[in-house]
Amino acid sequence: MRDRRQRTTIAIGWLALLLLWEVAGRLHWVADGALPSLSGVLRQLVEDWGDYPPHIWATVRTSLIGFLVGNAVAVLCGFLMASWRPVGRLLSGINVTLFAMPPIALTPILVIAFDGDAPRIVLAALATYYPTMVATVLGLTRIDPRLLDVVRLYGGGRWAALRWVRLRHALPTLLAGLRVAAPNAVLGSLLAEFGSGSGAGLGHYLIGSLGRGDPERLWGIGLVATAISALFYVAILLVARCWVGAQAPTQESLGSQGDAARGAGTQWLITLVAVVLPLLAWWAAVWGLEQAGVSGFVLRTPVDLAAELFSSTRPESLASIIGGALLETLPWCLAGMALGLGFALLLAILGTLSPVLERVLMPLSLLSQSMPLVALTPLIVLIFGRDGATILAITISVTFFPAYVTLAQGMALVPEATQDCVRALGGSRLKQIRLVSLPWSLPYLCAAARLVAPRAFLGVMIAEWLATGTGIGNLLNVARGSLDYGLVWAVVVAAVLVSVLLYLMVTVIEQRVLKRFAMTPVQ
Amino acid sequence: MTVGDLRIEDVSRRFDVDGRALLALDSVSLEAPAGSFIALIGPSGCGKSTLLRMLAGLDQPSEGTIRIGGLSPRTLQQRGALGIAFQDASLLPWRSVEANVRFPFDVIGRMSEADRSRVQEMIELVGLGGFEQALPGQLSGGMRQRVAIARALVSEPQLLLLDEPFGALDQILRRSMNRELQKLWLKRPVTTVMVTHSVDEAIFLADKVVVMTGRPGRIGRVIDVPFERERPLSLLNSAECRQLEAEILQLMFDHENDDA
Numbered sequence: 023m024r025d026r027r028q029r030t031t032i033a034i035g036w037l038a039l040l041l042l043w044e045v046a047g048r049l050h051w052v053a054d055g056a057l058p059s060l061s062g063v064l065r066q067l068v069e070d071w072g073d074y075p076p077h078i079w080a081t082v083r084t085s086l087i088g089f090l091v092g093n094a095v096a097v098l099c100g101f102l103m104a105s106w107r108p109v110g111r112l113l114s115g116i117n118v119t120l121f122a123m124p125p126i127a128l129t130p131i132l133v134i135a136f137d138g139d140a141p142r143i144v145l146a147a148l149a150t151y152y153p154t155m156v157a158t159v160l161g162l163t164r165i166d167p168r169l170l171d172v173v174r175l176y177g178g179g180r181w182a183a184l185r186w187v188r189l190r191h192a193l194p195t196l197l198a199g200l201r202v203a204a205p206n207a208v209l210g211s212l213l214a215e216f217g218s219g220s221g222a223g224l225g226h227y228l229i230g231s232l233g234r235g236d237p238e239r240l241w242g243i244g245l246v247a248t249a250i251s252a253l254f255y256v257a258i259l260l261v262a263r264c265w266v267g268a269q270a271p272t273q274e275s276l277g278s279q280g281d282a283a284r285g286a287g288t289q290w291l292i293t294l295v296a297v298v299l300p301l302l303a304w305w306a307a308v309w310g311l312e313q314a315g316v317s318g319f320v321l322r323t324p325v326d327l328a329a330e331l332f333s334s335t336r337p338e339s340l341a342s343i344i345g346g347a348l349l350e351t352l353p354w355c356l357a358g359m360a361l362g363l364g365f366a367l368l369l370a371i372l373g374t375l376s377p378v379l380e381r382v383l384m385p386l387s388l389l390s391q392s393m394p395l396v397a398l399t400p401l402i403v404l405i406f407g408r409d410g411a412t413i414l415a416i417t418i419s420v421t422f423f424p425a426y427v428t429l430a431q432g433m434a435l436v437p438e439a440t441q442d443c444v445r446a447l448g449g450s451r452l453k454q455i456r457l458v459s460l461p462w463s464l465p466y467l468c469a470a471a472r473l474v475a476p477r478a479f480l481g482v483m484i485a486e487w488l489a490t491g492t493g494i495g496n497l498l499n500v501a502r503g504s505l506d507y508g509l510v511w512a513v514v515v516a517a518v519l520v521s522v523l524l525y526l527m528v529t530v531i532e533q534r535v536l537k538r539f540a541m542t543p544v545q
Numbered sequence: 082m083t084v085g086d087l088r089i090e091d092v093s094r095r096f097d098v099d100g101r102a103l104l105a106l107d108s109v110s111l112e113a114p115a116g117s118f119i120a121l122i123g124p125s126g127c128g129k130s131t132l133l134r135m136l137a138g139l140d141q142p143s144e145g146t147i148r149i150g151g152l153s154p155r156t157l158q159q160r161g162a163l164g165i166a167f168q169d170a171s172l173l174p175w176r177s178v179e180a181n182v183r184f185p186f187d188v189i190g191r192m193s194e195a196d197r198s199r200v201q202e203m204i205e206l207v208g209l210g211g212f213e214q215a216l217p218g219q220l221s222g223g224m225r226q227r228v229a230i231a232r233a234l235v236s237e238p239q240l241l242l243l244d245e246p247f248g249a250l251d252q253i254l255r256r257s258m259n260r261e262l263q264k265l266w267l268k269r270p271v272t273t274v275m276v277t278h279s280v281d282e283a284i285f286l287a288d289k290v291v292v293m294t295g296r297p298g299r300i301g302r303v304i305d306v307p308f309e310r311e312r313p314l315s316l317l318n319s320a321e322c323r324q325l326e327a328e329i330l331q332l333m334f335d336h337e338n339d340d341a
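So the protein lines, in turn, are chains A and B. So for the first sequence, the numbering used here puts the first residue at 23; every next one is plus one. So for the second sequence, the numbering used here puts the first residue at 82; every next one is plus one.
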């Protein structure tokens with residue numbers, strides 16, 4: 023009974039949203055028709071349908087291959103990390119880089135180095151890696167130790183533990199990781215298309231249509247891209263349902279994986295290797311490309327780039343160009359992130375006050391997880407024009423949903439008894455939120471900040487590139503256009519580095535804050 | 082001394098904590114004839130779980146030896162001659178009741194026709210006939226614990242280890258499970274070592290109650306429980322039982338005061 027009423031409420035909420043969209047479109051409420059009506063979008067979609075098949079095929083093909091390749095590597099790495107702890111520590115530099123790096127930043131180099139489908143496949147694979155790797159490690163290691171004891175008690179060794187317990191235990195967690203990875207693959211493929219000239223693919227189609235200012239078509243492409251992404255997501259969800267049923271994936275954090283007592287010297291060595299490995303990977307990639315016949319003229323090793331960074335052969339040194347661009351970009355990034363988190367927190371609070379709001383917002387936010395949201399930013403450019411407002415709007419839009427999901431989950435976990443403490447003393451709903459729900463959700467707020475920091479940077483870069491022509495995002499575009507390969511490499515490395523530092527900074531703040539209150543981080 | 086004796090001789094266990102050696106168990110010795118039921122009781126941190134893990138061959142003594150019928154726990158492991166049940170059942174959530182009870186044979190790698198019928202027999206014995214295909218997630222806490230006990234007994238172990246098997250159950254359910262466990266055990270009295278926090282559970286089930294003390298873990302006293310089998314639950318209300326319970330509690334509190 024209650025279930026049905028809930029569903030009715032959600033349905034009404036959704037209908038209201040769609041209706042609002044239709045009316046807003048019809049009456050040109052938003053930016054002079056930049057938000058077209060839903061019916062208009064669908065009409066245009068039907069009209070253009072003949073153009074779609076090659077684009078859809080290209081996007082599906084490249085993201086699917088990238089998805090498979092990325093997952094194969096991720097599962098292998100996860101397996102190694104789970105089997106031998108130090109591997110995890112050694113690879114942590116590469117892992118953090120792959121998680122925090124803005125995928126768009128890599129496209130210029132990928133486009134220089136490869137042709138055909140390869141850049142899209144590589145980017146899709148890179149975007150897939152992190153969630154699957156984490157899920158593999160969690161699934162294989164976060165096991166009730168007594169299950170493993172039982173295996174040992176009957177004389178079973180490592181192989182028996184793997185065969186009878188670990189592999190099967192990892193399955194639901196791995197499938198949950200794949201579900202997150204699937205929309206990432208589509209996102210990677212779309213973003214690679216943004217940066218790689220012309221060709222087939224929904225990303226190309228989107229960028230190509232942006233200049234023509236045809237809102238209905240742009241929104242149609244966005245809908246199709248979302249549908250593909252959602253199909254990937256749902257397909258894996260269905261596989262998971264059939265295969266592992268209702269068995270819940272592991273949810274504990276990876277952070278508490280303490281290292282056994284090891285000498286301080288060894289610890290330092292491991293950290294050093296972890297930092298150096300991404301550099302070595304860069305070097306190895308450049309070397310490999312040279313062997314494959316890519317001209318050394320367009321490639322830069324870490325040493326080449328370091329030399330070029332401060333070389334005086336240019337009118338303005340690379341270091342100062344990049345520094346200036348970053349100074350332009352970073353304030354927007356921080357402001358957008360703060361606003362996105364703020365909105366998410368506000369709505370999470372309102373959600374606890376008004377269950378109806380939450381029932382409408384939550385499915386919408388979960389849906390957005392399967393949306394290549396960053397790739398849909400051209401739609402926002404259309405609405406907000408080409409100034410700072412667009413940067414903020416895009417950054418908020420890509421940070422809000424993941425932050426909201428994390429925060430709402432945190433608030434839903436506040437123990438009923440703790441809330442009753444305030445209620446029993448006659449405290450109001452607001453007091454309850456202020457004294458209990460908010461402090462309780464602190465780890466979730468931190469987790470949300472950690473999650474969205476790299477996304478915010480990516481959002482700003484895309485906005486700068488597509489809309490405002492400022493900052494590091496624009497520099498990426500300019501460098502490519504002017505065939506200044508030194509600048510291209512410098513921008514790419516700077517973007518990746520800043521994104522990683524941003525992430526690490528949030529992590530450090532998180533640790534400080536949570537330590538102060540004796541709380542543990544959430545994954 | 083007959084074959085089948087449980088012998089623990091001068092067993093110590095040191096752990097390395099932040100580079101410092103921490104003595105968890107200090108030369109513990111204990112002997113019991115085959116087919117006896119031993120309860121280990123004491124404050125948390127007294128090393129009773131460490132001792133249990135060493136009996137299971139999951140952990141090795143730093144010094145001293147453990148023999149069951151003249152064999153080391155590791156040898157018993159290789160022969161599939163140990164059984165263990167933990168506090169919160171620790172079942173494999175993706176396996177049915179039947180598959181969970183069968184699990185030891187899967188790990189050992191062989192299952193005879195007799196073993197197969199024993200799986201079914203154990204399920205019936207713990208009162209779960211008809212639930213063979215149910216998943217652990219669909220069972221109550223008490224039922225899950227029955228599955229865990231059936232799993233521990235299915236390979237007809239030479240030594241049964243119980244780590245607070247009913248610790249997560251409420252008092253009423255715990256008592257009735259105690260009674261059922263006694264019935265099962267009387268059918269085939271296997272040497273059993275049980276860690277518990279409940280004094281009346283220890284008295285009701287055990288032949289010997291081993292009261293342990295903490296920091297470092299030592300055996301304070303071994304008390305022989307004089308009551309005849311099969312013991313009725315009403316025994317717990319008798320004056321003799323109350324007297325024994327008070328004595329054990331007093332022992333535990335005395336040591337606690339020594340600590341302070």
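Backbone N, C-alpha and C define an ideal beta-carbon position, used for all residues, glycine too.
- Taking every protein chain shown into account, the CB of A415 of chain A has 16 or more other CB atoms within 10 angstroms, so this residue is buried.
- Checking the DSSP bridge columns, you'll see S93 of chain B partnered with B:E144.
- In this chain, the alpha helix (DSSP H) harbouring D196 of chain B covers 194 to 206.
- Contact between the region 353 to 363 of chain A and the region 466 to 477 of chain A is present: three or more C-beta pairs spanning the two stretches fall below 8 Å.
- DSSP links M293 of chain B through a beta bridge to B:I300.
- Residue-level contact check: W36 of chain A does not touch chain B, since none of the beta carbons of chain B fall below 8 Å from its beta carbon.
- Closest in alpha carbon position to I165 of chain B, among B:V276, B:E311, B:D99, B:P142, is B:V276.
- Against chain A, a Cβ distance below 9 Å from A137 of chain B picks out D171, R174, L175.
- DSSP places A115 of chain B in the coil class of the three-state scheme, outside both helix and strand.
- Taking the beta carbon of D187 of chain B as reference, the chain A residues within 8 Å of it are W186, listed in sequence order.
- Below 8 Å, too few C-beta pairs join the region 385 to 405 of chain A and the region 317 to 335 of chain A to call them touching: fewer than three.
- The alpha-carbon of D73 of chain A is positioned some 20 Å away from that of L401 of chain A.
- Proximity of the region 283 to 301 of chain B to the region 99 to 111 of chain B meets the contact definition, three or more beta-carbon pairs being nearer than 8 Å.
- Using a Cβ-Cβ cut-off of 8 Å, L173 of chain B counts as an interface residue toward chain A, since at least one Cβ of chain A sits closer than that to its own.
- Judged by DSSP secondary structure, G150 of chain B falls outside any beta strand (DSSP E); it is assigned neither H nor E.
- The region 98 to 115 of chain A makes no contact with the region 453 to 473 of chain A; the number of CB pairs closer than 8 Å stays below 3.
- Put simply, the region 207 to 217 of chain A does not touch the region 157 to 177 of chain A. Fewer than three CB pairs are less than 8 Å apart.
- Taking a beta-carbon distance threshold of 8 Å, A182 of chain A counts as an interface residue toward chain B.
- Going by beta carbons, G221 of chain A and V188 of chain B fall outside the 8 Å limit.
- Under a 10 Å Cβ-count criterion, M527 of chain A is classified as exposed, with fewer than 16 other Cβ atoms of the shown protein chains found around its own Cβ.
- Of all alpha-carbon atoms in A:V378, A:R263, A:I258, A:G358, the one lying nearest the alpha-carbon of L90 of chain A is that of A:I258.
- Of all residues in the region 150 to 169 of chain B, the ones placed with a Cβ closer than 7 Å to any Cβ belonging to chain A are Q158, Q159, G161, L163, I165, F167, in chain order.
- Around the beta carbon of E321 of chain B, fewer than 16 other beta carbons sit within 10 angstroms, so the residue counts as exposed.
- Collapsing the DSSP output to three states places G164 of chain B in a strand.
- Assigned with DSSP and collapsed to three states, A512 of chain A falls in helix.
- With respect to chain B, the C-beta atom of R190 of chain A has a partner C-beta closer than 8 Å.
- DSSP, reduced to helix, strand and coil, places M483 of chain A within a helical segment of the structure shown.
- Boundaries of the alpha helix (DSSP H) around D187 of chain B: 178 to 189.
- In this structure, V200 of chain B sits away from Q239 of chain B, with a CB-CB distance that is not shorter than 8 Å.
- Just measuring C-alpha positions, the residue of A:N496, A:L196, A:G346, A:L497 sitting nearest A94 of chain A is A:L196.
- Under the DSSP assignment, L240 of chain B falls in the beta strand (DSSP E) whose first and last residues are 240 to 244.
- Of the other Cβ atoms in all chains shown, fewer than 16 fall within 10 Å of the Cβ of R26 of chain A; this residue is therefore exposed.
- Look at the beta carbons and you see the region 132 to 146 of chain B touching the region 87 to 95 of chain B: at least three pairs across the two are nearer than 8 Å.
- Under the DSSP assignment, T277 of chain B falls outside any alpha helix (DSSP H), being part of the beta strand (DSSP E) whose first and last residues are 272 to 277.
- Going by beta carbons, M483 of chain A and A127 of chain A fall inside the 8 Å limit.
- For R168 of chain A, the nearest beta carbon of chain B is closer than 8 Å to its own beta carbon.
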